[in-house]
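Below is one structure, written out as structure tokens; the observations come after it.
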DNA sequence: ATTACACTGAACCATATGGTTCAGTATGGA
DNA sequence: TCCATACTGAACCATATGGTTCAGTGTAAT
């Protein structure tokens, strides 16, 4: 549904709106890691890191699995395809909008030229 | 700088993490609008909408200009190029990661086959 | 059996977010 | 001049966010 997409966009963009979480994704792209690994790397308490991982997990960007006493984090199923598509569409609209403006500017220039010619006549 | 980029990513992704603000961008792509126009369209107070526009403006996604008593909002200079690039790079890493896993799986299968052959010998 | 490790949950804190109302200010139109 | 319009800013509110500490629980190693 639209609602569902909206909610998912909210979650994934919000997840990306934090430098630590983007860093975690970067790190997990290099290899799986435990909560402790990540907490060390980003100089943060276990509890703090767990919250970040939770946000990423809710957004589908990360999945985790606990075996024994260590929880391993890895990249999740969300590949940011829709987010990418949203931005791509936005940029397309932005370009069209500016082409439109260019059109207007060209039109204005033509009119100005025409006025210049008239004056000179 | 890296810091600067990080801050910009924070602002732009946070700006996108709200359905109303994404809607405003959509709307502005269709044409410029006043705060009143947007507030009406999204059934919100002027003050509320002004805050959203402020967030979008800070992220460079919107610019505004006040002439007379009406403030006109239009798409801003930020075309989300770097954000798009970040996501593209992420997806690339994600793919590599999974190719890597496929590689590991293939390796495991080969080893298993090898063990099978050994056992049968 | 003891101890160390890895995580978890609750509670707390400061600040940010998304919204409102209310009381202005400034501008445009009759 | 008078009134309606369009915005603005301050204050407020509830909830979310990004972090912490502290007190557990369960697992691994000695």
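Protein chains in written order, with the numbering used here: chain B, 307 to 427; chain U, 307 to 427. Each residue gets a CB set at the ideal place from its N, CA and C atoms; glycine is no exception. These numbers come from a predicted model, not from an experiment.
Here residue 365 (chain B) really is in contact with residue 317 (chain B); their C-beta atoms are around 4 Å apart, less than 8 Å. For residue 321 (chain B), the closest alpha carbon among the candidates B:382, B:351, B:336, B:375 is that of B:382. The segment 362-381 of chain B makes contact with the segment 332-349 of chain B: 3 or more CB pairs, one atom from each, lie closer than 8 Å. For residue 405 (chain U) and residue 351 (chain U), the gap between their C-alpha atoms comes out near 50 Å. Ranking B:390, B:360, B:385 by CA distance to the CA of residue 387 (chain U) puts B:390 first. Within a 10 Å sphere around the beta-carbon of residue 355 (chain B) sit 16 or more other beta-carbons, which makes this residue buried. Exclusion of the five residues before and after residue 335 (chain U) leaves 381 as the residues of its chain whose Cβ lies within less than 7 Å of its Cβ. Within chain U, no residue has its CB atom less than 7 Å from the CB of residue 375 (chain B), the nearest being about 24 Å off. Just so you know, the alpha carbons of residue 376 (chain U) and residue 384 (chain U) end up roughly 23 Å apart. Annotated three-state conformation of residue 371 (chain U) is strand, per DSSP. The beta carbon of residue 339 (chain U) sits no closer than 9 Å to any beta carbon of chain B. Beta-bridge partners of residue 327 (chain U) (DSSP): none assigned. In this structure, the straight-line span from the alpha carbon of residue 331 (chain B) to that of residue 311 (chain B) is close to 22 Å. Distance from the CA atom of residue 328 (chain B) to the CA atom of residue 374 (chain U), rounded to whole angstroms, is 43 Å.
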